[in-house]
Amino acid sequence: MLEAAGGRPQIGRLVVVGIGLIGGSLALALKAAGACREVIGVARRQRTCEQAVGLGIVDRAVTGLREVLPQLEPGDVVFIAVPTLAVEQVFAELRDKLPAGVTVTDGASVKGSVIAAAEKIWGQVPDFLVPGHPIAGSEKSGVTAARDDLYIAHRIILTPLANTDPDHLRQTVLMWQATGAEVLNMPVEEHDEVLAATSHLPHVIAFGLVDTLAHDAENENIFRYAAGGFRDFTRIASSDPVMWRDIMLANRDAILKAIDLYSANLASLRSAIAVGDSDQLMGVFTRAKAARDHFTKMLTKKAYTEPMQAQEVTFIAQPGGAVSGRLRVPGDKSMSHRSIMLGSLAEGVTEVEGFLEGEDALATLQAFRDMGVVIEGPVDGRVVIHGVGLHGLQAPPGPLYLGNSGTAMRLFAGLLAGQAFDVTLTGDDSLSKRPMNRVADPLREMGAEIETGPEGRPPLLIRGGRKLRGIDYRLPMASAQVKSCVLLAGLYADGETSTTEPAPTRDHTERMLQGFGYEVRRDGACATLRGGGKMSAGKIDVPADISSATFFMVAAAIAPGSDVLLEHVGINPTRDGVINILRLMGADIELQNRRSVGGEPVADIRVRQAPLRGVRIPEDQVPLAIDEFPALFVAAACADGETVLTGAEELRVKESDRIQAMADGLRILGVDAEPTQDGIVIQGAGEGVAFGGGTVDSLGDHRIAMAFAVASLRARDTIRIQHCANVATSFPNFAELATRAGLKLQVA
Ligand code: S3P
């Protein structure tokens, strides 16, 4: 049906029934793309026909559809772009007169009514009809509003039925793709419900609001003073009234449902205003602002804390360079998560400075908003949390989506196990593959009821209303997430809960609980708390994340001529393995201005290039540097001699299998890197250039991506790093800061 002409897809003729914004724009786009042989317009009024021909929108135009039907052949397409309720009349004209092999599709905003009209006319929906709806438009209407770029990068929803002919469906998809649009399929009912909420309801409200103001006698000057807010909010009330009347009538039930939901919300806002309920107003406004900000980012294709397609990001790192200057990397991820969690469960208002505005910590923040906590910000790293106390969380409206964050999911499991409500925790593809029995097992021992997906993977369903009892838990692996999960569940348990870890792991949970006035007894590897206490709000100053600083520490250590000062970095002794290991390798690292900030040790870290040597990494350093190995492997590949890592099997269950991912990437760059079951053996190149170039896959793991960007400093050729979008989980401004420091990094 579809032939290639000069390499371009071609439909035969396009017949556009209704030459307004939607139909005219399709005609213009296909003509511009050279994607059809001829465009014939059909309009009721002769004047429209003349205009459409005059404007070059169609090649010819007629006032009666019946006239053109006999001329059509297989491969031609009829596109119906009339108001929703007029579609039936067009179907009636097509019946019995449409030649075989011609595809019929439409652009009406309601699909249920189009299906019903087809059934009425043909007895059943014919297989050549492909119902569709372009999600594009403008408040402008009519033939003069048509544009050839209206559909570029917009979505077209098709709602094919079981009997829709695949050839006609393909023809329709290719037609829309030729306009630059993205085509997707959806069931009819889902389309009508989604559109009722996202498009039809806003139009009702906009029309209604403008009409209210226009008719309000006391406000006769209202439009004179109405400014940007009014203009932005009501733009769509300039849309075509006939089209919108039809949509309201055609999608009646779904729109009524949406209006009822909105009316209830408006009524509760009204009463909050009436009684001066500031908390409720802040709750609604901060949640709405967060959602709108997120949507704004989606529109500019920057965000991905959503079960949506992640945007593809590639790092292109040119070889060579050195790093220098004073840099402040973003706030610590582990502490940022915990600041929101404990701040929400504390009594009173907690102020956080230095909060990491990365996607992982933002997922935690959003989850607490979904459970009714009012959280202001983040604005420049400042967040204000209106704590609800240990028993003040509310059931969220749906599953909590935690993106890429293992920390969020495992710590949430603990603190939600003792709530009164059920909750489901979900995440992205990477998180959905990570092991959760390590938290589900001890929580079940405490009396929690938790269901996991197959093989103990997410999603987690946590049943509410269970009574927890304290346990004495010996961790089978060195994991701060598991330790924190059990301790957080312990807040809700009867009696004492203790954890004993096989090796020291980050202790931010214990420190922050103590900072909030919750007693935690610590005795070597053992931490104990008693359930039933309470936390009081406080101030939290989150230092820069040593895990993010690591990339610049390694960069400075390996690139000749480098000298960087990393400001205000957290150097908690349970996190400083990277400093110890790099020093063991011969790195020149100086800790300046050591101080304590909010119970956490902090310093400015100066690193200058120095020759590195291969080492056997002491196993006791592994948990203290657990997130830093991707960068440390790059340092090892530049060092003189062999580096051997053992006792690090945990690296295989991080955001990716970091041993395999790094070994694969390093080998592509020509490095001899041999993975072992619990570590890796790397032969370092010593002084001089260490790497070739090539394309490496970060597997969507933020730290793998950043490590290979750093490797470019010692490469001969360009390194292309694929799947880097998740760098924003922990270090949203990495590329910017890296470029400022001296890396030759482009983001594509
Ligand atoms: C974290 C603990 C570590 C670490 C992760 C953050 C935390 O995970 O890798 O990035 O904030 O508790 P494990 O507990 O799985 O070792």
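2 is the number of the first residue of the sequence shown in our numbering; add one for each residue after it. By construction, the Cβ of each residue, glycine as well, lies at the ideal position given by its N, Cα and C atoms.
query	result
Candidates Q395, E688 and F231, of which the one nearest V211 by Cα	F231
Beta carbon shell of the ligand S3P at less than 5 Å from a heavy atom	S335, T408, S480, A481, Q482, I627 and D628
Proximity to R14 [Cα-Cα], best of L56, T85 and T104	T104
Residues bridged to Y402 (per DSSP)	T427
Supposed contact pair L667 and F630 - C-beta distance, whole angstroms, cut 8 Å	With a Cβ gap of about 12 Å, F630 and L667 do not count as contacting.
Beta-carbon separation (whole angstroms), F692 vs A632, contact threshold 8 Å	With 8 Å as the limit, F692 and A632 do not qualify as a contact, their Cβ atoms being about 14 Å apart.
Selected residue, minimal CA-CA separation from E601, among V570, I582 and G615	V570
Continuous alpha helix (DSSP H) stretch holding S499: start and end	Per DSSP, S499 belongs to no alpha helix (DSSP H); it is in the beta strand (DSSP E), E497 to T501.
E620 versus C639 - alpha carbon distance	21 Å
8 Å Cβ shell around D589 - same chain, five flanking residues per side excluded	A558, V608, R609, Q610 and A611
Contact between the segment 457 to 470 and the segment 507 to 518 (3+ Cβ pairs under 8 Å)	no
Classification of I153 by the beta-carbon crowding that lies within 10 angstroms, buried from 16 upward	exposed
Three-state secondary structure assigned by DSSP to N594	strand
Straight-line gap, V616 to E511 (C-alpha atoms, nearest Å)	33 Å
Identified DSSP bridge partners for H134	I158
Completely contained alpha helix (DSSP H) runs for the segment 67 to 150, where each covers 4 or more residues	88 to 95 and 113 to 123
Where the alpha helix (DSSP H) through I669 begins and ends	R659 to I669
Where the alpha helix (DSSP H) through Q678 begins and ends	Segment: none, Q678 is in no alpha helix (DSSP H) and carries neither H nor E.
Those residues which DSSP pairs with E183 across a bridge	R156
Between the CA atoms of E39 and P733 - distance to the nearest angstrom	49 Å
Same chain, Cβ closer than 6 Å to V205, neighbours up to 5 away in sequence not counted	none
Helix, strand or coil at T351 [DSSP, three-state]	strand
Integer-rounded CB distance, given that D423 should sit under 8 Å from I451	So it is not a contact: roughly 11 Å between Cβ atoms.
Residue(s) in a DSSP beta bridge with F692	A716
Identified DSSP bridge partners for L469	A494
Pairwise C-alpha distance: L625 and V579	7 Å
Bridge partners - K540, DSSP secondary structure assignment	E352
Pick from G209, E656, D128 and L444 that is closest to R171, judged by C-alpha positions	D128
Status (buried if at least 16 other CB within 10 Å, exposed otherwise) for A5	The pLDDT assigned to A5 is 42, lower than 50, so where the model puts this residue is not dependable; a value taken from the coordinates is nonetheless given after this. Its Cβ having fewer than 16 others within 10 Å, A5 is exposed.
Minimum C-alpha distance to Q482 - residue among G454, Q72 and D628	D628
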